[in-house]
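Right, here's the structure in full:
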């Protein structure tokens, strides 16, 4: 199931790529069904907060009619940044599965770890699974940034 949902997130990342957005895709599942999908829209909407994770969380909240996503899992192709990590915690997502590590801005272990940092006491713990289909997730980003240079 994990690979199935990460493939769906990769499909979203490829849609971002086609729209000249940084190719990050996300899906949220509830009872092993996808209830929300999204990809980055920062460039097209000129909004730094339009990350795939944030959009997917907003869509899932609307779908379920609530702000807490305690029975939901998030699959995202790139390690979340601090903004997205905070949103994931606040939404009370059960589990996070991510593909590629983000050595410049990752907040799930690469630069900092908001999900396991002992100096932070949050009201919710997210179980994190890292490196899911890492090579495929990293490749779409590598190709995208190579074409920009």
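In our numbering, the protein residues as written are 178 to 326. We treat Cβ as the ideally placed atom computed from N, Cα and C, and that holds for glycine. Source: prediction; values computed, not measured.
Smallest Cα separation from residue i: which of the options?
{"i": "residue 252", "options": "294, 275, 319", "result": "275"}
{"i": "residue 185", "options": "216, 195, 199, 208", "result": "216"}
{"i": "residue 204", "options": "182, 193, 303, 198", "result": "182"}
{"i": "residue 123", "options": "326, 325, 211, 255", "result": "It is not possible to answer for residue 123, since the shown part of the chain is limited to 178 through 326."}
{"i": "residue 269", "options": "260, 326, 250, 259", "result": "250"}
{"i": "residue 191", "options": "326, 309, 242, 318", "result": "318"}
{"i": "residue 315", "options": "290, 278, 307", "result": "278"}
{"i": "residue 210", "options": "282, 240, 326, 222", "result": "240"}
By DSSP, does residue i sit in helix, in strand, or in coil?
{"i": "residue 201", "result": "coil"}
{"i": "residue 304", "result": "strand"}
{"i": "residue 287", "result": "coil"}
{"i": "residue 214", "result": "strand"}
{"i": "residue 246", "result": "coil"}
{"i": "residue 226", "result": "coil"}
{"i": "residue 207", "result": "strand"}
{"i": "residue 275", "result": "strand"}
{"i": "residue 320", "result": "helix"}
{"i": "residue 298", "result": "coil"}
Would the beta-carbon of residue i fall within 7 angstroms of that of residue j?
{"i": "residue 367", "j": "residue 225", "result": "Lying outside 178 to 326, the shown extent of the chain, residue 367 is not represented and no answer is given."}
{"i": "residue 294", "j": "residue 257", "result": "no"}
{"i": "residue 321", "j": "residue 194", "result": "yes"}
{"i": "residue 273", "j": "residue 266", "result": "no"}
{"i": "residue 311", "j": "residue 261", "result": "no"}
With a 10 Å radius around its C-beta and 16 neighbouring C-beta atoms as the bar for buried, classify residue i as buried or exposed.
{"i": "residue 303", "result": "buried"}
{"i": "residue 324", "result": "exposed"}
{"i": "residue 179", "result": "exposed"}
{"i": "residue 228", "result": "buried"}
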